[in-house]
Structures are given as C-alpha cells and as structure tokens.
Amino acid sequence: MTTVLLWRIYIYRAGEVLGAAVAAAPDPLRVVNSVLYAHAVMVAGVVAISVGDELVIRHPSGHTRPAWIAVVLGGPALFLAGRAILEYAVFARVSRDRVIGVLVLAVISPAMILVPPLIAVVAAAVVLAGVAVVDAARARRRLSAEPPSPPGGPS
Numbered sequence: 041m042t043t044v045l046l047w048r049i050y051i052y053r054a055g056e057v058l059g060a061a062v063a064a065a066p067d068p069l070r071v072v073n074s075v076l077y078a079h080a081v082m083v084a085g086v087v088a089i090s091v092g093d094e095l096v097i098r099h100p101s102g103h104t105r106p107a108w109i110a111v112v113l114g115g116p117a118l119f120l121a122g123r124a125i126l127e128y129a130v131f132a133r134v135s136r137d138r139v140i141g142v143l144v145l146a147v148i149s150p151a152m153i154l155v156p157p158l159i160a161v162v163a164a165a166v167v168l169a170g171v172a173v174v175d176a177a178r179a180r181r182r183l184s185a186e187p188p189s190p191p192g193g194p195s
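Residue numbering for the sequence shown follows our numbering, starting at 41 and increasing by one per position.
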C-alpha cells in the first residue's frame, strides 16, 4: 500500500509536467539541480521506508525501538520533503499538505515508542494516504491543469 501512496504523491502534477518545467525555466540548469536534489531526498526516504518495512515484517509486535521509529516515520517525512522540493522546482510553491504531513509525522513520533512497530507503519501510511487524498481533492476542484511555473519565471 505504501508503494501505491508514494507513487500517487510523486506523480501528482509535478511529476507529470517536470519536462515542461525545465523547458519553461529561465535557468534550466537551476531547475535540473533542484530536481536532482529532490529526487535524492525522495530516494533516501524510499530506502528508509524499505528498511522500516523490513524491520516491521520481522518484528511486527513487541517493543518499538527509537531507531525503528526514525526509519518508519522518517522515511515518509524525507519522501514528502523531497516531493515538496520537487514541487517548488516545478511550480514555485509548496502545497500545505506536504508540510503538514511532515509535521504530523514528527509530532506522532514520540508516541510511536509506546505502540508495536506495525502500528507505527500503519500511522505512517495513514499520513501518506491523507496527503494523497488532499492531492486528489485539489485536482478535482481545479477546472484546468496547472501549468508549470518554475522559480524565476513568469507567475
């Protein structure tokens, strides 16, 4: 399920118009550098999520170690942060839902030490699902697709 959520969050608009954003940028190299950095952060998040999933598969119940929380919740936070960087590179803005998602993951982190690892993974998936739902709702409210408008370009 997490993989589907990550795909949905990634591809929603910025992933679809990435090439057009680079072409429209007054400084394409700057946009490409931002995009590369964003992808590195997102990949780090995916790797952390994978490590967390492996830990939870092996130890779904019992005590949740603080290091496990770092990968189980930190991975999605890294992914959302990277996706926010990508969104800024493409649209010169960041959606609130990504920032809120990172903040929620940070706020719930201390409480996750009190629950089994499986619950921590479910909590992370719920946050990612919330971001994906808000993205979908935003897309339905828009009458037309938002064109790319990278930083430094016409607004």
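Beta carbons: idealized from backbone N, C-alpha and C, even for Gly. For clarity, every value in this text was computed on a predicted model and none was experimentally measured.
Practice prompt. Quick one: measure Cβ to Cβ for V71 and P190, integer angstroms, because I've assumed they're closer than 8 Å.
Written response: 5 Å
Worksheet entry | Which listed residue (P150, D175, V144, I49) has its alpha carbon closest to that of V167 | V144
Item to complete: Please confirm if the stretch 120-133 is in contact with the stretch 93-111, defined as three or more CB-CB distances below 8 Å between the two stretches.
Response: no
Worksheet item: Helix, strand or coil: which one does DSSP assign to S189?
Response: coil
Item to complete: Go through its chain and collect everything with a Cβ distance to V75's Cβ below 7 Å, but skip five positions before and after it.
Response: L58, L126, A129
Discussion item. Taking the beta carbon of R182 as the centre, do at least 16 other beta carbons fall within 10 Å, making it buried, or is it exposed?
Written reply: exposed
Worksheet entry | P68 in three-state terms, based on DSSP | helix
Worksheet entry | For W108 and A84, the rounded distance between their alpha carbons | 15 Å
Worksheet item: Can you list, in chain order, the stretches of the alpha helix (DSSP H) that have 4 or more residues and sit fully within the stretch 102-182?
Response: 106-131, 136-148, 157-181
Practice prompt. Work out the CA separation of V139 and A172 for me, nearest whole Å.
Written response: 13 Å
Practice prompt. Label P68 either buried or exposed according to how many other C-beta atoms from any shown protein chain fall within 10 Å of its C-beta, with 16 as the threshold for buried.
Written response: exposed
Fill in: Own chain partners of W47 with C-beta closer than 8 Å, once the 5 adjacent residues on each side are dropped
none
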